[in-house]
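Presented below is the structure to which this report refers.
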Amino acid sequence: PGAFEIFQGRKYKVYRGMGSIAAMENGSKDRYFQTDAKKLVPEGVEGRVAYKGTVEDTIFQLMGGLRSGMGYCGAKDIETLKETGKFVKISAASLKESHPHDIHITKEAPNYTTEN
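For the sequence shown, position 56 matches number 57 in my numbering, and the numbering has no gaps at all.
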């Protein structure tokens, strides 16, 4: 739920915390004991969050990533992955190096973002 907006060519979900000025102006003043206040003192923020798609699309991408990882491990099913899969620790520098670098991404992939 919630409204969308396009900003610089990207789709975002609008976020408005209940303690934001806009929310207080629209009725949440009493929750923050500011019903009679002439000037509101906000306790929340408004902003936008990059739209990541539907839950269905997210699950599809997660399943694809799991299948890919299982392929790297040679695991045909979850049970084999549990038995033979190994975690390997890598350094922060290795993590950074393992991501695309020295390139300006011009077309976004649905399963990759450079944002934290």
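For every residue, glycine included, the Cβ atom is placed at its ideal position computed from N, Cα and C. All values derive from a computational prediction rather than experimental measurement.
> So what's residue 97 in DSSP terms, helix, strand or just coil?
Replying inline: In the three-state reduction of the DSSP assignment, residue 97 falls in the helix class.
> So, is residue 21 buried or exposed, given that buried needs 16 or more other C-beta atoms within 10 angstroms?
Replying inline: Of the other Cβ atoms in all chains shown, 16 or more fall within 10 Å of the Cβ of residue 21; this residue is therefore buried.
> What do you get for residue 64, buried or exposed, if any count of 16 or more other CB atoms within 10 angstroms of its CB means buried?
Replying inline: Exposed: under 16 other Cβ atoms inside 10 Å.
>> Relative to the C-alpha of residue 18, which candidate in 8, 41, 46 has its C-alpha closest?
In response: The option with the nearest alpha carbon to residue 18 is 46.
> In chain order, which beta strand (DSSP E) runs of at least 3 residues are fully inside the stretch 39-109?
Replying inline: For the stretch 39-109, whole beta strand (DSSP E) runs of length 3 or above, ordered along the chain, are 47-51.
>> Going by the DSSP bridge assignment, what does residue 6 pair with across the sheet?
In response: For residue 6, the pairing in a beta bridge is given by DSSP as 13.
>> Using a Cβ-Cβ cutoff of less than 7 Å, which residues in the same chain neighbour residue 86 once the five nearest sequence positions on both sides are dropped?
In response: Within its own chain, the residues whose Cβ lies closer than 7 Å to the Cβ of residue 86, once the five positions on either side in sequence are excluded, are 74, 76, listed in chain order.
> Between residue 12 and residue 3, is the Cβ-Cβ spacing less than 9 Å?
Replying inline: Inclusion of residue 12 and residue 3 in the CB contact set at 9 Å is not warranted, their separation being larger than that value.
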